[in-house]
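*Asks:* The structure follows.
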Amino acid sequence: MQRVYTTHVITLELFWLALIWEHLRRYRIRFSDHLAITGLVLLFSIFIAAPIDPERLGTVYISGPWFFLGLQELLRYLPPLLAGFFFPMIFILALLFTQKRYRFFTVIVIVLFLWLLAYLILTVMALSH
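Numbering that gives the first Met the number 0 numbers the first residue of the sequence shown as 0 and each following residue consecutively.
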């Protein structure tokens, strides 16, 4: 692995912790309860490497890592503030309201689904270049 995206990993952990905080108070995690899934994830990560870097750097088309292709494609069509801040923030804010106690829970789930579908379409568009 040539690049380490430490800030992305830490930010994801903080958002994840904020979203599951209510559940953590009720559910106690013991490592022995999750040995099977931990072993499967470990085996998967040993044998299958994530394609973080492009195959040929700078030959024809310069692209970001595979998990940012949708965002990079969006930056072609929208200003950086909209594509790089507001579009991802829609997803993060929608995740914060995914509890069933909110009366607009169904709308939030639809927004999340449409956001993921749009990001998938943008990623496929970027892969076709």
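Backbone N, C-alpha and C fix where the C-beta goes; we use that ideal spot for every residue, glycine too.
On a predicted model such as this, the values are computed, not experimentally measured, just so you know.
1) Since ALA125 and GLU72 should fall inside the 8 Å C-beta cutoff, what is the C-beta to C-beta distance between them, to a whole number of angstroms?
2) Just checking my contact of VAL110 with ALA93 at CB under 8 Å: how many whole Å lie between their CB atoms?
3) Compute the Euclidean distance between the alpha carbons of GLY38 and TYR26, then round it to the nearest angstrom.
4) Just the C-alpha distance for GLN98 and LEU77, rounded to the nearest angstrom, thanks.
5) Relative to the C-alpha of ILE120, which candidate in LEU70, LEU42, PHE90 has its C-alpha closest?
6) I need the straight-line Cα distance from MET0 to ALA48, nearest angstrom please.
7) Have a look at PHE46 and TYR101 and give me their C-alpha separation to the nearest angstrom.
*Replies:* This is what the structure holds:
1) For the purposes of this step, residue 125 is taken as the residue at position 126 of the sequence shown. For the purposes of this step, residue 72 is taken as the residue at position 73 of the sequence shown. Confirmed, Cβ separation roughly 4 Å.
2) One-based indexing of the sequence shown puts residue 110 at position 111. One-based indexing of the sequence shown puts residue 93 at position 94. Their Cβ separation, rounded to whole angstroms, is 5 Å, which keeps VAL110 and ALA93 in contact under 8 Å.
3) Walking along the sequence shown from the start, residue 38 turns up at place 39. Walking along the sequence shown from the start, residue 26 turns up at place 27. Whole-angstrom Cα-Cα distance: 21 Å.
4) As a working mapping, residue 98 is identified with position 99 in the sequence shown. As a working mapping, residue 77 is identified with position 78 in the sequence shown. In a straight line, the C-alpha of GLN98 is about 31 Å away from that of LEU77.
5) Taking the sequence shown and counting its residues from 1, the one referred to as residue 120 is at position 121. Answer by Cα proximity: LEU70.
6) Within the sequence shown, residue 0 is the residue found at index 1, counting from 1. Within the sequence shown, residue 48 is the residue found at index 49, counting from 1. The predicted model places MET0 with a pLDDT of 42, which falls under 50 and marks its position as unreliable, so this point remains unresolved.
7) For the purposes of this step, residue 46 is taken as the residue at position 47 of the sequence shown. For the purposes of this step, residue 101 is taken as the residue at position 102 of the sequence shown. The alpha-carbon atoms of PHE46 and TYR101 are separated by roughly 42 Å.
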